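A quick write-up on the structure given underneath.
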Amino acid sequence: MASSRPNVVLIFSDNHPAVMMGCSGNADAHTPNLDRLAAGAARFSHAYCPNAMCSPCRASVLTGLMPSQHGLHTWLDDGEVENWPENWNAVLEFDTLPEKLARIGYDTALIGKYHLGLVDAPQNDFREWVTLQRGHFDAFEDNDMIDNGKRLRWPGHMVDFFTEKAVDYVERRGEEPDTPFFLFFTQPAPLGLWPPLKGEPTNRFAEVFRGKPMDSVPREGVSSEVVEWMLVRHDEMPDDHPGYYKDVARQANDVPTIRNYFSQMAMVDDGVGQVLDALERTGAAENTLVIYTSDHGMSLGTHGFWGHGEDSWPSNCHKESHHIPLIVKPPKGSAGDGAQVIDRFAGTTDIFATVLDYAGAEPPSDDAARARSLRPLLEGKAVEWDDAIFMEQEETRAVRTDKWLYMKRFQSERWPFPDALFDLENDPDERNDLATDPEYAAVIAELSERIDGFFAEHSNPDWDLWRGGRVKSNSTRPFLWKHAWGDNWAPLTPTDT
C-alpha cells in the first residue's frame with residue numbers, strides 16, 4: 002500500500018544560473034531532461050538564492066534561515082578539515098529538514114555534495130549517506146567518496162557516481178511503497194571554476210559542444226570591481242589562494258572553459274533524466290514531489306564578473322550569481338500538477354517550507370524563518386505574498402522587486418562602499434547605476450528601510466556581521482570585519498563550537 006505522504010526528491014546542482022537551460026531560452030544549453038521536467042511542472046522565473054556561495058545556501062534550504070541567522074556567510078574551508086572536531090556539523094543546532102521528515106516516518110537520504118561539515122558519519126538524521134570526502138576537488142574524475150560509512154576511490158566521473166547511487170536508492174525505495182522517502186540529490190556540478198573546468202571538455206557530452214562559439218555567454222572583459230578585489234586581497238591577504246583569484250579574472254573569456262562548463266551541466270541533466278526515469282519505472286512518480294534547483298547561480302562574464310557574488314570588491318548581488326532555476330512538480334494528479342510559469346518571487350528558504358507543507362510535517366518552528374510554502378502559488382490560490390526577495394553577501398545586502406534592485410553596502414571608515422540602484426523595468430540587464438542621482442533619493446531611502454527592517458527580523462546578533470556578529474568557520478573578508486569591529490573579531494572556528 003502506498004504511503005499517503007508523498008515522496009520528495011530535491012535535486013540540487015552546484016553553480017547553475019537560471020538562464021542556463023533550454024527551457025529558459027538558452028540555445029547553447031543541452032538540458033533535454035530539465036526541459037522535459039519543466040514541460041510538465043511549474044517553473045519559477047523569479048527564484049533567487051539568499052547568498053551566492055555554496056555552504057550558506059545548503060544551510061538555508063535545510064533550515065529555512067538566512068545566512069545572518071544560521072551563521073554561514075561563505076563556503077566552508079574544508080582545507081581545514083583536519084582541525085575540525087569529530088563529526089562537526091555547521092547546522093547541528095537547528096531542526097533541519099531531514100530531521101523533521103524522519104520524525105514523521107520518512108526514510109531520508111543524502112546522495113551528493115554536503116559541504117556543511119564532516120562527512121565520515123551521517124549528519125542531520127540522513128539514514129542513507131553517500132557523499133564526497135571533501136566539498137572541493139581538482140577534477141571530476143578519480144575522487145574519494147563516502148558510501149554509507151565506507152571510503153572508496155571512484156575512477157569515473159563523480160556525477161555518474163552520484164546518479165547511479167540515486168537511481169539505486171529510488172529503485173530500492175520502490176520496493177517499500179508504504180514508507181515515504183526524502184532524497185536530497187546534490188550534484189557537485191556544473192561548478193564553473195578552474196581547475197576542474199580548465200580546457201576543453203572530455204566527458205561524454207564533449208562532442209555536443211565541440212567548436213561551438215558559445216554566443217549565449219557575453220564577452221565583456223574584466224570589471225574594475227574584480228581588479229579591485231584582486232588588489233585588496235593581495236594587500237590584505239597575500240598568502241590566501243592568490244592563484245584562484247587570478248584565475249577568476251581569466252576565465253570570463255576562455256571559450257574552452259565555457260564549453261566545459263556547459264558540458265558538465267549536460268552531465269547533471271542526464272542524471273536528472275535517469276532519476277526521473279527510475280521514478281516512473283518503479284511507480285513512485287505517481288506520489289512524488291520533485292524539485293530541481295541549484296545552490297546559487299554563476300556570473301558568466303556579464304558585468305565583467307566570472308564566478309560568485311563575492312568575487313568582486315565590493316561583493317555584488319547582480320542577477321547572474323543569485324538567479325537560480327526552480328522547477329517544482331507536485332505529485333501526479335494533485336492540484337498544481339502541470340505546466341505553468343510562475344513569476345512571483347521565490348527563494349531557497351521557501352523550498353524548506355514547501356517540502357514540509359507537502360509532507361504534512363510541522364511548519365517552520367522558528368518564527369523568524371524566511372520560509373514560505375510555495376504550494377498556494379502552485380495551486381493558483383489567492384494568497385498574500387511579499388513580492389520581493391532579499392539577499393546578503395557579507396558587506397552587501399540587497400532587495401529585488403519587480404521595479405528595483407538595490408544593493409546596500411556596509412560602511413566602514415576605511416572602505417566607504419557605494420550603494421547601487423537599478424531600474425529593472427527600464428534597465429533589466431542592470432547596467433545603469435542610479436544610486437548617485439538625487440532624483441532617486443526617496444527610492445533609496447524606502448528600499449534601505451526595507452532592507453533594515455527585513456534583517457532586523459531575519460538575523461541573529463551572533464551571526465549578523467553588520468552588528469558585530471561572527472561567521473562560522475571562515476569569511477572571505479576577515480580584514481574588513483576586523484577593521485570594523487576590532488582586532489578581537491574572528492570567525493568562530495569549529496574547535497570553538
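Numbering-wise, the numbering used here comes out as the position in the sequence shown, counting from 1, plus 1.
Yeah, the Cβ is synthetic: ideal placement off N, Cα and C, and Gly gets one too.
Just so you know, these numbers come straight off a predicted model, no measurement behind them.
From residue i to residue j, what distance separates their C-alpha atoms?
i	j	result
residue 343	residue 349	15 Å
residue 264	residue 84	36 Å
residue 457	residue 467	11 Å
residue 52	residue 109	26 Å
residue 279	residue 442	55 Å
residue 220	residue 301	9 Å
residue 281	residue 274	11 Å
residue 138	residue 161	16 Å
residue 188	residue 317	25 Å
residue 156	residue 41	36 Å
residue 303	residue 322	10 Å
residue 448	residue 434	15 Å
residue 470	residue 178	46 Å
residue 239	residue 231	10 Å
residue 288	residue 144	35 Å
residue 20	residue 44	12 Å
residue 171	residue 255	39 Å
residue 485	residue 454	22 Å
residue 5	residue 96	24 Å
residue 490	residue 91	19 Å
residue 16	residue 487	34 Å
residue 465	residue 493	13 Å
residue 128	residue 142	26 Å
residue 365	residue 235	43 Å
Would you mind giving the Cβ-Cβ distance between residue i and residue j, rounded to the nearest angstrom? I have them listed as a contact below 8 Å.
i	j	result
residue 294	residue 480	That pair is no contact at about 33 Å.
residue 326	residue 67	Wrong, their Cβ atoms sit about 21 Å apart, outside the cutoff.
residue 72	residue 370	Incorrect: roughly 15 Å between the Cβ atoms, too far for contact.
residue 181	residue 7	7 Å
residue 357	residue 329	Not quite, the Cβ-Cβ distance comes to about 14 Å (not below 8 Å), so this is no contact.
residue 60	residue 117	6 Å
Within a Cβ cutoff of 7 Å, which residues of the same chain sit near residue i, ignoring the five residues on either side of it in sequence?
i	result
residue 345	47, 378, 386 and 388
residue 202	210, 260, 261 and 264
residue 277	34 and 38
residue 373	351 and 354
residue 27	20, 21 and 217
Confirm, please, whether the CB-CB distance from residue j to residue i is below 8 Å.
i	j	result
residue 75	residue 477	yes
residue 431	residue 319	yes
residue 362	residue 105	yes
residue 133	residue 151	no
residue 424	residue 408	no
residue 400	residue 452	yes
residue 283	residue 212	no
residue 305	residue 223	yes
residue 163	residue 209	no
residue 9	residue 352	no
residue 197	residue 266	no
residue 233	residue 249	no
residue 58	residue 296	yes
residue 29	residue 215	yes
residue 313	residue 70	no
residue 324	residue 18	yes
residue 394	residue 308	no
residue 270	residue 32	yes
residue 392	residue 49	yes
Give the DSSP-derived three-state secondary structure of residue i in the structure shown.
i	result
residue 288	helix
residue 328	strand
residue 101	helix
residue 461	coil
residue 86	coil
residue 454	helix
residue 107	coil
residue 231	helix
residue 486	helix
residue 510	The structure shown does not extend to residue 510, since the chain spans only 2 to 498, so no value can be given for it.
residue 480	helix
residue 278	helix
residue 252	helix
residue 199	coil
Using a Cβ-Cβ cut-off of 8 Å (strictly less than) and excluding sequence neighbours within five positions of residue i, which residues of its own chain qualify?
i	result
residue 412	418
residue 100	125 and 126
residue 78	474 and 475
Report all residues from its chain with a CB closer than 6 Å to the CB of residue i; omit the five preceding and five following residues, and keep chain order.
i	result
residue 436	420, 421 and 422
residue 185	11 and 111
residue 199	none
residue 136	79 and 116
residue 55	76, 116 and 296
residue 36	23 and 24
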